[in-house]
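Just below is one structure, and these are the notes that go with it.
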Amino acid sequence: MHYPVRYMNQAFSRSFSLSHKASRPCFSFGCIILFLWVIGVGWTAPAPNPNNDAYPPTVSLDELAKEIDKAPATHPRLLATQSDFKALRESLDQDPLRRLLADAVIKQANALENAMPIERKLQGRRLLGVSRRCLQRTVTLAMAYHLTGSDKYVRRCKQEMLAAARFGDWNPKHFLDVAEMTFALAIGYDWLFDQLDKASRVEIRQAIVNKGVNLPFTTRHKGWVRARNNWGQVCHGGLTAGALAILEDEPELTAKTVHSALQNVTYSMAAYAPKGSYPEGPGYWNYGTIYNVMLIGMLESALGNDHGLSKAPGFNETGQYLSLAGGPSGLFFNYADGGATRGPSAALFWFASRYNRPDWLLGEHDRLRATLAELISSDGRSWSGRFLPMTLLWMKGETGGTKYKMPLHWLSKGETPIAVHRSSWTDPEAVFVGFKAGSPSANHGQMDTGSFVLDSEGLRWAVDLGAEGYHGIESRGMNLWSRSQNSDRWTIFRQQNHGHNTLVIDDQLQVAKGHSKIVKFSNDPDSPYSIADLTPVYAGQAKTIWRGVALLPSGEVLIQDELEGLRPGGRVRWGMVTPGTPNSPGQRDIELRQSGKSLVLTLRSSNKDATWRIIDTAKPRNEWDSPNLETRMVAFESIAPKSGELTMAVLLTPGSCANSVRGKLRLMPLQKW
């Protein structure tokens, strides 16, 4: 019988060259085809494939060229057509929230009227902030034109685009900068094509080609093409936007660009398999996925076909990922290099509409209202969500009585497995726990294997401190991006296991190359739990380490660790970072309080001398560490006996718990859960 039920009965009742092969990417064949294109030699295309909507895409370069030749040369065609914008204008009075968003777009566009155009100023090695500012402005101004018909927005958008077009380059050494700038100019060029004068169109188009779309075919700046992280989605999405915007003038370049995207973005989209999770966490999901959504949307609007991209394994489920990885507190389970704060996501509206799943928009309309209210009440302060105007293209009217079909208990599987357990989708004070396995060496990985976050009574009690700022670390000459065991990355407090809600053995780091799995999972409503084998990330420190997380019928959460093969006398630290204010810690219990609510942690350890203590996490450990204001770690340390075996457990009891099992807790071995 599963552990929580048995327990209650007993105790209580996720550099190479371009390929142009017609099916799967192949280095050598791709080089030959690219060479033929460069020297202008024709080649015999394979016979048309009748299954051009299969995944992975199988459309040939020749077939794409024919599609592009037949594509209408009218503008706009990226994500929306003239008739789409007309329908949007006519819908505004039918939906108060859509009208509110449109008004906010117009207000922001008005605030940009006297702003100085962007300048080419790098921050460290990046131009990314400038590219994103340009994108935010072009999307806002071009959308404002289609909402109002006022030429003043065209004039201001043209000024912005020409400023960017006259940069010497868009910083191809950090290709994300190029991708986002290309997308920015593509949207402005396409959405305002008929309103731009011929000389401006020529100058902007030449910049899109020479500073963006052409680079991976003519320069060494192509190491991102088969990227397995968000870079692939962003760069292929941005360059495809540029190519499709100018397809009537550059049909061969457009065909090559689209073909490259279809063949190679699949490496990044593999992250969604098998169940829609994202190895880089919900923050990077927003970044990579919005470009993936727009890539699909642009292919469909410009060519009428996404050639099967939307059929990638797990992609049809990823629309629920942000809700699954978000707690009732309104904060994300922000594993990897991500922040916990959650704002509205334009991509979610696309997914909800595409797959007819309004429940995936849980809380999203309220988040959008809050963001818009803040913007409208300000003096034209720019929003950070540069894609927010896109929401107007994808949102539908709100519906009452939404049935939530998302699971309460979910295991992601994939490269970076996470498990989540919650007591309700509709109770704002529901209990939520997120639990992570995987590897520190994953993309944007941290030494957070075995870590967890916890919500109850509408508050976040167990927190992840998130990412350290990239520029601050890089400006010191530190190597933030090496994931080797002796990397500078692991000298940063927020990246170490010392700064996470997991174990530290003899003050050592986790093993960077280790990879842990969630080996047991139950979504039984009466006994939901997850168990991870953490042994690989503590190799050489213990023989076996298992951690179990259970959501009990009482609404309490049990964290249980079992360790074998420890060094006799070795020290094992259990820790949880929290914004809660602790009372004077006792040996067995410690109470945390915040906003008039409470959480009690009850300690059980086979080492009877273990006792609670408070560790300061607010003060930076090193001069390169940022402060973590209003946080501390509640922790205890157990000493391994001669047997080298330890069992440790912590019961977390929300203050509202009416039937606590404190005092009745009988631990069962994890193998018997």
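Quick note: the sequence shown uses this note's numbering, first residue 7, plus one each step. Each residue gets a CB set at the ideal place from its N, CA and C atoms; glycine is no exception.
Exposed unless 16 or more other CB atoms sit within 10 angstroms - verdict on residue i
i, result
"P56", "Any reading at P56 needs caution, since the residue's pLDDT is 43, under 50, leaving its predicted position unreliable; the model's value is listed next. By the 10 Å Cβ count, P56 comes out exposed."
"M122", "exposed"
"D183", "buried"
"H81", "buried"
"T225", "exposed"
"T587", "exposed"
"S307", "buried"
"N665", "exposed"
"D196", "buried"
"D470", "buried"
"S383", "exposed"
"Q547", "buried"
"H450", "buried"
"E119", "exposed"
"N492", "exposed"
"P78", "exposed"
"G439", "One point to set straight first is that residue 439 is Val, not Gly, in the sequence displayed. Under this definition V439 is a buried residue."
"G46", "Residue confidence for G46 is low, a pLDDT of 34 falling below 50, so the modelled location carries little weight; the figure read from the coordinates is stated next. Exposed, because fewer than 16 other Cβ atoms sit within 10 Å of the Cβ of G46."
"G282", "buried"
"H313", "buried"
Boundaries (first-last residue) of the beta strand (DSSP E) holding residue i
i, result
"D539", "Y535 to D539"
"D59", "Careful: D59 lies outside any beta strand (DSSP E) and carries neither H nor E."
"T550", "T550 to L557"
"D595", "D595 to Q600"
Residues of its chain near residue i, where Cβ-Cβ distance is below 8 Å and the 5 sequence neighbours each way are ignored
i, result
"G174", "R126"
"E480", "G130, R131 and L486"
"G406", "none"
Inter-residue CB distance, residue i and residue j (contact presumed, cutoff 8 Å)
i, j, result
"A171", "S137", "Not really, about 13 Å apart at Cβ, beyond 8 Å."
"M396", "A358", "About 14 Å; that fails the 8 Å criterion."
"G456", "E421", "No, G456 and E421 are not in contact; Cβ-Cβ is about 16 Å, not under 8 Å."
"D595", "T508", "That belief does not hold up - the Cβ atoms of D595 and T508 are roughly 22 Å apart, past 8 Å."
"S649", "N613", "About 11 Å separates the two Cβ atoms, so there is no contact after all."
"V667", "L558", "7 Å"
"S536", "I524", "5 Å"
Close beta carbons around residue i, own chain, < 6 Å, minus the five adjacent residues each side
i, result
"G243", "Y297, M300 and L301"
"Q114", "T146"
"V711", "No statement about residue 711 is possible, as the shown extent of the chain runs from 7 to 679 and does not include it."
"F41", "Model confidence at F41 stands at a pLDDT of 35, short of 50, so the residue's coordinates are unreliable and nothing is read from them."
"I210", "M167, A171, L191 and Y195"
"N292", "S351"
"M7", "Note that M7 scores 32 on pLDDT, short of 50, meaning its location in the model is unreliable; the coordinates nonetheless yield the value given after this. Taken in chain order, the list of residues that qualify is empty."
Closer than 7 Å: residue i CB and nearest the ligand SAH heavy atom
i, result
"Y327", "Annotation note on the ligand SAH: not contained in the displayed structure, which lists no ligands."
Host alpha helix (DSSP H) of residue i (start-end)
i, result
"V525", "No alpha helix (DSSP H) contains V525, which is instead part of the beta strand (DSSP E) from K523 to S528."
"K204", "K204 to I214"
"H415", "Here H415 belongs to no alpha helix (DSSP H); instead the beta strand (DSSP E) covers H415 to L417."
"V271", "P257 to M275"
"Q165", "D157 to A171"
"Q88", "Q88 to S97"
"Q142", "L134 to T154"
"Q239", "N236 to A251"
"D372", "E370 to S383"
"V184", "F181 to W197"
"I124", "First-last for I124: undefined, no H or E at that position."
"D68", "L67 to K76"
"I302", "G287 to L309"
"D200", "Looking at the DSSP string, D200 is not in any alpha helix (DSSP H), and its letter there is neither H nor E."
Neighbourhood of residue i by C-beta distance below 7 Å, restricted to the same chain and skipping five residues each side
i, result
"G369", "none"
"R619", "P591, A641 and F642"
"W366", "G325, Q326, S329, L354, F357 and A358"
"G336", "R348"
"V682", "No information on residue 682 is available, as it lies outside the stretch 7 to 679 that the chain covers here."
"M401", "R104 and F355"
"P285", "R20, A277, G420, E421, T422, A448 and N449"
Residue i - partner residues in DSSP beta bridges
i, result
"T584", "R638"
"M4", "This structure cannot settle anything about residue 4, because the visible part of the chain is limited to 7 through 679."
"T422", "Per DSSP, none; premise fails for T422."
"G444", "S522"
"I479", "Paired residues: none, contrary to the question."
"D461", "F438 and R466"
"G320", "In the DSSP output, where bridge partners are listed per residue, G320 has none listed."
"F338", "G332"
"S763", "Nothing about residue 763 can be reported from this structure: the residues present for the chain run from 7 to 679 only."
"V510", "R579"
"S604", "R599"
Cutoff 8 Å: residue i Cβ touching any chain B Cβ
i, result
"D595", "Note that chain B does not occur in the displayed structure, where there is just one protein chain."
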